[in-house]
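Per the working numbering, the very first residue in the sequence shown carries number 3; after that it's consecutive. Quick reminder that beta carbons are idealized off the backbone N, C-alpha and C, glycines included.
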Amino acid sequence: GIVVLGLNRSHAKNALSKNLVKMMSKAVDALKSDKKVRTVIFRSEVPGIFCAGADLKERAKMHSSEVSSFVSRARATINELANLPVPTIAAIDGTALGGGLELALACDIRVAASSAKMGLVETKLAIIPGAGGTQRLPRTIGVSLAKELIFSARVVDGEEAKSIGLISHVVEQNEAGDAAYKRALALAKEFLPQGPVAMRVAKLAINQGMEVDLLTGLAIEEACYAQTIPTKDRIEGLLAFKEKRPPRYKGE
Numbered sequence: 003g004i005v006v007l008g009l010n011r012s013h014a015k016n017a018l019s020k021n022l023v024k025m026m027s028k029a030v031d032a033l034k035s036d037k038k039v040r041t042v043i044f045r046s047e048v049p050g051i052f053c054a055g056a057d058l059k060e061r062a063k064m065h066s067s068e069v070s071s072f073v074s075r076a077r078a079t080i081n082e083l084a085n086l087p088v089p090t091i092a093a094i095d096g097t098a099l100g101g102g103l104e105l106a107l108a109c110d111i112r113v114a115a116s117s118a119k120m121g122l123v124e125t126k127l128a129i130i131p132g133a134g135g136t137q138r139l140p141r142t143i144g145v146s147l148a149k150e151l152i153f154s155a156r157v158v159d160g161e162e163a164k165s166i167g168l169i170s171h172v173v174e175q176n177e178a179g180d181a182a183y184k185r186a187l188a189l190a191k192e193f194l195p196q197g198p199v200a201m202r203v204a205k206l207a208i209n210q211g212m213e214v215d216l217l218t219g220l221a222i223e224e225a226c227y228a229q230t231i232p233t234k235d236r237i238e239g240l241l242a243f244k245e246k247r248p249p250r251y252k253g254e
């Protein structure tokens, strides 16, 4: 079904501390091998905040060698998230800065409230995005615009984020402060009826194909398609169509 991972470090605006990164890593690890999981939604349990990025109070106490190893751990965790085999959605109902936006960029789809604030602001601190931001942002919105946002450390709202292609959907915030989460949930429910094996290999085909030339990408698609042919689900899909009923897929 749909798994919701909620960030809840309210006293620190969900800042990415050593402990939070460790907990995220464990959660993502558990999801990797769970065949019952169809879609994962990342959201915040803290009103007005998605994730404020690195925990700067903790960072200030770190030796430079510690900083390097922490950033490597955070990068590895966010890469693991990006490599989850099922669709992932970031529901951004509040501020997502630095590592918080990098976390969202690692998701397949981003949904945000129009009032949400997003930005890679690391250059303000004389550092650069270190958990994939310099790579995933240009792949999402284009090279020139990504450079502009990173060079200026500019923060954009949900409307601007949608207009530049940073997010897929923008929604008006509601009184409960969870409009983006509700939209993400509606999307996840659209994904649920589809064949689980097909969803996994579709994601794999797109992700791998984006990194290569078209001809190689088409070969990747062919190899991924081949994985669906021997499945019981494919036969069930044809049978359900013939019998005019919803298919009952088992991920086999």
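Proximity winner among the options, relative to residue i (alpha-carbon distances)
i	options	result
R75	G211, K28, Q137	K28
G135	A190, L194, G8, A78	A78
L7	I152, L105, H65	L105
G3	F52, I222, E192, C226	E192
E161	A228, G144, A182	A182
Q229	M201, L241, G100, A118	M201
G121	P49, T97, R112	T97
A207	V69, I130, S117, N85	N85
K126	E213, V157, Q196, A221	V157
G144	A163, I130, A128, L187	A163
I222	I231, A118, G211	G211
A93	K37, T233, S146, S170	S170
A128	E150, M25, R141, S154	S154
A225	K244, K205, F243	K205
V48	I130, H13, H65	H13
S117	T142, I111, I130, F52	F52
T233	E213, L168, V203	V203
P131	S70, K63, M26	S70
R2	Q196, K244, K246	Because the chain in this structure spans residues 3 to 254, residue 2 falls outside the shown range and cannot be described.
I80	D36, R247, M25	M25
E213	S35, I237, R141	R141
I166	K63, L151, V173	L151
L168	N209, D110, E174	D110
N- and C-terminal bounds of the alpha helix (DSSP H) containing residue i
i	result
R156	Element bounds for R156: n/a, residue is neither H nor E.
I231	Element bounds for I231: n/a, residue is neither H nor E.
L9	Run containing L9: none in the alpha helix (DSSP H); it sits in the beta strand (DSSP E), 4 to 9.
A207	198 to 211
CB contact flag (residue i, residue j, <7 Å)
i	j	result
G253	P198	yes
D95	A115	yes
L194	I91	no
S46	L9	yes
G100	E68	no
R185	V88	no
V73	V42	no
A148	L139	yes
L103	V30	no
Unbroken beta strand (DSSP E) run spanning residue i, endpoints
i	result
V42	41 to 46
G33	The sequence shown places Leu at residue 33, rather than the Gly named in the question. First-last for L33: 20 to 34, but that is the alpha helix (DSSP H), not the beta strand (DSSP E).
As an exercise, report each continuous beta strand (DSSP E) stretch of at least 3 residues that is fully enclosed by the region 58 to 139, in chain order.
Positions of the beta strand (DSSP E) runs, each at least 3 residues long and wholly inside the region 58 to 139, are given as 90 to 94, 97 to 99, 111 to 115, 119 to 121 in order along the chain.
Okay, do the region 169 to 179 and the region 213 to 220 touch, 3+ Cβ pairs below 8 Å being the bar?
The region 169 to 179 is not in contact with the region 213 to 220.
Any chance you could list the beta strand (DSSP E) runs of at least 3 consecutive residues sitting entirely within the region 158 to 182, in chain order?
Residue ranges of uninterrupted beta strand (DSSP E) with 3 or more members, entirely inside the region 158 to 182 and ordered along the chain, are 171 to 173.
At least three beta-carbon pairs within less than 8 Å, the region 16 to 34 to the region 43 to 60
In short, these stretches touch, since the Cβ pair count reaches three.
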